[in-house]
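Trainee: Below: one structure in structure tokens.
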Amino acid sequence: MASLSSTKTIKRDDFFYFHSLVFEVEDTLFKVPRYGLPGDGAAFDTMFARGPGAPGSSDDDPIRLDTDVTASEFRSMLKATYPPPGTTVAELTLDEWMSVLKLAKKWNLAGLRDKAVQQSDTQVQLKTPIEKILLARQYDVGKWLNEAYIALSSREEPLSVQEVEKVGWETTAKLMMVREKRWRTPQTPPKATVKCTGCQSTPSCYSCHYNRGCSFAIEAVIDTSTIVSGTFNYANAVQDVFGKPIFT
């Protein structure tokens, strides 16, 4: 008679029997759980949709990634995918998040890309507008691009020669178009400043002229530093000139 142990059928749980995959990147092997890896991209779905014994099942037969992916970049992606125990958000440096963005772009991983943009945004905001433009172009982030265009078109100082060389002449010309739109927008000084220098008796120079016969009231004595627009929208002007970014 066969023993009970020899006839008992053992099955794997459908939810809690995790499969691991082995990747080879440069000269480094990574063994990670399949569960939790970004799987919303066609490239990853293709790599993972394999049967037993397929590449990735052992150290001797790993999934070999393209040569344009470094071990450091892949490690950064895994750090973003698997936060440390007890945490929900991984803490990565800006360079690490940019590595995540690079791989998310390469493999069309929309969810991972959105996460990288959101989590790196605070660090990106510390960059100069020129640096933000370069990052936005490299990793296709429209938010950073728009913010940089608005900052450059609204600042007092014109672009330096070095800045023009970095962003290019076409971008520089469009930034100048936004600035020209601003210059052509009627400017309105606050009513309280429409008075002769040092005069505190009335909020209106013309009142002074008519009520007190002040001969200086009709002259241009307004402090130009108090002039404000109050109506010009740089965001709209940037979109009008540059159009909608080809990436979001």
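The sequence shown maps to residues 91 to 338 in the numbering used here.
No residue lacks a Cβ here, since even glycine has one placed at the ideal position from N, Cα and C.
(1) Considering only C-alpha positions, which residue in the set HIS109, ASP211, GLN228, TRP197 is nearest to THR183?
(2) Can you give the Cα-Cα distance for SER244 and LEU119, rounded to whole angstroms?
(3) Are the segment 147-162 and the segment 107-116 in contact at 8 angstroms, needing three or more beta carbon pairs?
(4) Take ALA327 and list the residues in its own chain whose beta-carbon comes closer than 8 angstroms to its own, dropping the five residues that flank it on each side.
(5) DSSP three-state call for GLU221: helix, strand or coil?
(6) Please look up how many angstroms separate the CB atoms of ALA238 and ALA206, rounded, as I've assumed it's under 8 angstroms.
(7) I believe LEU225 touches VAL214 by the beta-carbon criterion, under 8 angstroms. Please report the beta-carbon distance rounded to the nearest angstrom.
(8) From this set, ASN236, TYR125, VAL251, which residue's C-alpha is nearest ASN323's C-alpha?
(9) Hey, would you say LYS101 sits closer than 9 angstroms to SER110, going by beta carbons?
(10) Residues in its own chain within less than 8 angstroms of PRO174 by CB, not counting five upstream and five downstream?
(11) Below 9 angstroms between beta carbons: does that hold for VAL159 and LYS196?
(12) From the DSSP output, read off the bridge partner residues of ILE100.
(13) Could you give the residue range of the beta strand (DSSP E) that holds GLU114?
(14) So, with DSSP's three-state summary, where would you put ASP230?
(15) Can you tell me which of THR97, LYS98, THR99, ARG124 puts its alpha carbon nearest to the alpha carbon of TYR107?
(16) What number of angstroms, rounded off, separates the C-alpha of LYS264 from the C-alpha of GLN329?
(17) Give me the DSSP bridge partner(s) of ARG154.
(18) With distances taken from CA atoms, which of ALA200, GLU163, PRO335 is nearest TRP187?
(19) With a 10 Å radius around its C-beta and 16 neighbouring C-beta atoms as the bar for buried, classify TYR172 as buried or exposed.
Mentor: Checking against the coordinates, here is how it stands:
(1) Translated into positions along the sequence shown, residue 183 becomes position 93. Of the listed residues, the one whose Cα sits closest to THR183 is ASP211.
(2) Numbered from its first residue, the sequence shown carries residue 244 at position 154. Numbered from its first residue, the sequence shown carries residue 119 at position 29. C-alpha separation (whole angstroms): 49 angstroms.
(3) yes
(4) In the sequence shown, counting from the first residue as 1, residue 327 sits at position 237. Counting only Cβ-Cβ distances below 8 angstroms, and skipping sequence neighbours, we find SER243, VAL268, LYS271, ARG272.
(5) If you number the sequence shown from 1, residue 221 lands on position 131. Note: GLU221 maps to helix in three-state DSSP.
(6) Locating residue 238 in the sequence shown gives position 148, where the first residue counts as 1. Locating residue 206 in the sequence shown gives position 116, where the first residue counts as 1. With a Cβ gap of about 18 angstroms, ALA238 and ALA206 do not count as contacting.
(7) Within the sequence shown, the letter at position 135 stands for residue 225. Within the sequence shown, the letter at position 124 stands for residue 214. 6 angstroms between Cβ atoms; contact.
(8) Translated into positions along the sequence shown, residue 323 becomes position 233. When each option's Cα is compared against that of ASN323, the closest is ASN236.
(9) By one-based count along the sequence shown, residue 101 stands at place 11. By one-based count along the sequence shown, residue 110 stands at place 20. In this structure, SER110 does not lie closer than 9 angstroms to LYS101 by Cβ.
(10) Taking the sequence shown and counting its residues from 1, one reaches residue 174 at position 84. Closer than 8 angstroms at Cβ, skipping near neighbours: ALA180.
(11) Numbered from 1 along the sequence shown, position 69 holds the residue referred to as residue 159. Numbered from 1 along the sequence shown, position 106 holds the residue referred to as residue 196. Yes, Cβ-Cβ distance for VAL159 and LYS196 is below 9 angstroms.
(12) Here the question's residue 100 lines up with position 10 in the sequence shown. Beta-bridge pairing links ILE100 to no other residue.
(13) Here the question's residue 114 lines up with position 24 in the sequence shown. Counting along the chain, the beta strand (DSSP E) containing GLU114 begins and ends at 110-115.
(14) What you label residue 230 is simply residue 140 of the sequence shown in a count that begins at 1. Residue state, collapsed to three classes: coil.
(15) As a first step, residue 107 is located in the sequence shown; it is residue number 17 there, counting from the start. Answer by Cα proximity: ARG124.
(16) Here residue 264 refers to the residue found at position 174 of the sequence shown. Here residue 329 refers to the residue found at position 239 of the sequence shown. Taking the straight line joining both Cα atoms gives about 11 angstroms.
(17) Position 64 of the sequence shown, counted from the start, is the residue given in the question as residue 154. Beta-bridge pairing links ARG154 to GLU114.
(18) Position 97 of the sequence shown holds residue 187. Comparing Cα positions, the closest option is GLU163.
(19) Here residue 172 is taken as the residue at index 82 of the sequence shown, counted from 1. Exposed, because fewer than 16 other Cβ atoms sit within 10 Å of the Cβ of TYR172.
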